[in-house]
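Under the working numbering, read the sequence shown as residues 182 to 763, first letter to last.
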Amino acid sequence: MRQVAMSPEKAKGPFLQPLIVASVSVVFIFLILTLGLLDLRRLDKTLIALLENRGLDIIEDVNRVAGQNFKSLLQSFQGSRGYETNLPLTDESFSLQETLVLSLLDLARDIDVKCGTGVFSEQDIKDLASKKRIWVVALLNEHGAVTFQNRPLPEGLLSRVTSVIARGEDITIDFFGRPGRNSEDIRFVAVRGKAVSGTILIALNDSGFRYWSSKVAVQNAIEEVGSRQGVSYFVVLNPRGETLGSTGASPQKWKEEERVKRDLLTGQMSSASHKIALGNQNILEIFAPFYLDGGVAGIARLGLKRDRTSEILKQNRSRIFISMALVVLVGVLSMWFLYQNQNKHLARMEDAARRLRQAERLSALGQLGAGVAHEIRNPLNAIGMASQRLQAEYLPADTKEREEFSRLTGIVRDEVRRLNGIIEEFLTFSRSRRLKLRRSSITELLQKVVDIMKEEAESRQITINTRWGKSPAMVRMDADKVQQALLNIIKNAMESTSGAGKITVSVEPREKDQVIVNITDTGSGIAPEEIDRIFDPGYTTKEKGLGLGLPLAYEIIRAHGGEVRIQSNKGSGTTFEITLPR
């Protein structure tokens, strides 16, 4: 069923096209998402910066403790050899010395085992000595004769070792020897072999001693202050790539690692960091220079777990996405509200403009009708009076001529009457906007209209049914004008019904401030393309119609602040729904 509300009239087109609203919404959503992602990125950078600062603090603490350990080792050995250090020996110093000596003893035992099983060749021993910064590695038989040496033994060192062997001791530790060749301090450990017969000798010069001291100092510092909560691994490498100390399983090399190390060692960078995944853990890997003995001793490589920062980022991501969703929802709803509000506003503006144009046309038509009516009415009256005199005074005597004469004068009188009706409609149009409002019963007025039209309806074989409510349905109206409007609408319903049919008139109070009048017919209906035009002055589908009846009814209802809605389908009847304010 086609339904059209004639007031307020729909706008010809939306003020804001849906495509424009959608485009603006998409841009708005894109901006909100971009801002949200930027906030997340900013938060991620902030958390990473905090984590990096924590990592640098850990490296600095390890660096500080390692420096103290290294200094303590050097001074404790120098103090034991008679040098003034002004530093008393402590339990910590003894522990560091013990760790250093045990490391060398473990190395000697490892050589013993591998030589005894034939795994090590003489070249392997030389390579090991070079790699481990061992100045001398030598194998001596039970009589103190050298069976292998990676370099010639200093005379003083050999005599000290053979005297120890003669006493039959299993382990000999002498870090307090006299200067050997080139005035280098020689410190050694000797272990009686188990896999091989004889003694394994490991001796360190000053350079080797400092290297092994740095390893012990760094490893002890890492174990003491570097193994904190959240630390996945900690590695310190010297410039040659040798490990000075470590804890945890470090990942494979980073592709930029060599460049970063070079820049850190040369002072071009103070630190560097990047994100990696180690197994199922998210890690922030931090590189920083490691200082020892007054210079850069290597590179610290620290891996910090990002579990806590990832959790914080995840929580904030959820909150930001929820906030963005709410903002987007509010924005889209606001855009939709603006879209609807502006379209309604435009519809009202266009409806007001349409009504103004129509009022101007009707006013012009009414003024024209009034002027023409005054000019035409007098000649019409003269013609009517002349036809009456002809009928009364000049009637032919012949019967046939009399009948023809009477027929012709009757046609003249009928046409004069029809022209007077047209003039009256024009005059009614010109007076339609001057209302005399009084509170009256719309039900009584409708009953009066039905009584007026009933005889004509019966002559057309049309039944008029009525349904009134219990209340009288009082409306503030100009009864004569509303009666004219209802007469025009019911008359139009009768004219659209060919043959036997039915018209139903009903009154339905709606809420407290409106009354609905429905006029339904079983006529031919109205085509969709005609519905929008039936209230235009001059538009008619009848051969002898002027097209003023429905426009006049529409203007009267609108003048009362009412609305007219039409529901119709071609061939199945029409319903006029008239809404009047109380």
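Think of the CB as a built atom: it goes at the ideal place given N, C-alpha and C, for glycine as much as any other residue.
Host alpha helix (DSSP H) of residue i (start-end)
i    : result
P335 : From DSSP, P335 is part of no alpha helix (DSSP H); its letter is neither H nor E.
D308 : E303 to K312
R290 : D272 to G297
V441 : E438 to L446
Beta-carbon proximity of residue i to residue j, cut-off 9 Å
i    : j    : result
I604 : I557 : yes
R487 : I467 : no
E438 : K312 : no
A247 : V417 : yes
I292 : I403 : no
R763 : K693 : yes
L321 : I354 : no
V698 : V686 : yes
N601 : L561 : yes
R657 : R691 : no
P732 : D713 : no
I707 : I670 : no
L616 : A740 : yes
I623 : V663 : yes
T490 : L459 : no
G426 : A376 : no
I240 : A478 : no
V397 : L288 : no
S204 : G512 : no
Q665 : I737 : yes
L309 : A319 : no
Q642 : G704 : no
W316 : I367 : yes
Residue i in three-state terms, based on DSSP
i    : result
S413 : strand
A326 : coil
Q695 : strand
D579 : coil
H455 : strand
I229 : helix
L514 : helix
P470 : strand
R373 : strand
E404 : helix
F716 : coil
S705 : coil
P360 : Confidence in P360 is poor, its pLDDT being 40 and thus under 50, which makes the residue's placement unreliable; the coordinate value appears in the next sentence. P360 falls in the strand class under three-state DSSP.
P432 : coil
I747 : strand
R739 : helix
E574 : helix
V399 : helix
P762 : strand
S257 : helix
D351 : coil
Q462 : strand
T644 : strand
G263 : Unreliable placement is indicated for G263, whose pLDDT of 44 sits below 50; no coordinate value is reported for it.
V764 : For the chain, the structure presents residues 182 to 763; residue 764 sits outside this window and is missing.
I381 : strand
V656 : strand
G389 : helix
L731 : helix
G248 : helix
E190 : With a pLDDT of only 42 at E190, under the threshold of 50, the placement of this residue in the model should not be trusted; the figure read from the coordinates follows. E190: coil per DSSP, three-state reduction.
I367 : coil
G650 : coil
G422 : coil
L268 : Because L268 sits at a pLDDT of 48, beneath the cut-off of 50, its placement in the model cannot be relied upon, and the point is left open.
Reference residue i; option with closest CA among the options
i    : options                   : result
A660 : V300, I645, V686 and E625 : E625
N401 : M505, N250 and Q256       : N250
S749 : G730, E711 and F716       : E711
F415 : K581, T756 and N244       : N244
T644 : A326, K672, V663 and R391 : K672
W137 : R409, G299, V372 and N419 : With the chain represented from 182 up to 763, any question about residue 137 goes unanswered, as that position is not in the structure.
T227 : W316, A371, N497 and V441 : N497
S431 : G325, V688, G484 and R583 : G484
L784 : S454, D242, R290 and S276 : The shown model of the chain, from 182 to 763, leaves out residue 784, and the question about it has no answer.
L667 : R368, R583, V631 and W517 : V631
L277 : V294, S253 and K295       : S253
First through last residue of the beta strand (DSSP E) which encompasses residue i
i    : result
K486 : G476 to K486
S622 : R619 to S622
Which whole runs of the alpha helix (DSSP H) in the segment 659-698 are 4 residues long or more, in chain order? 660-676
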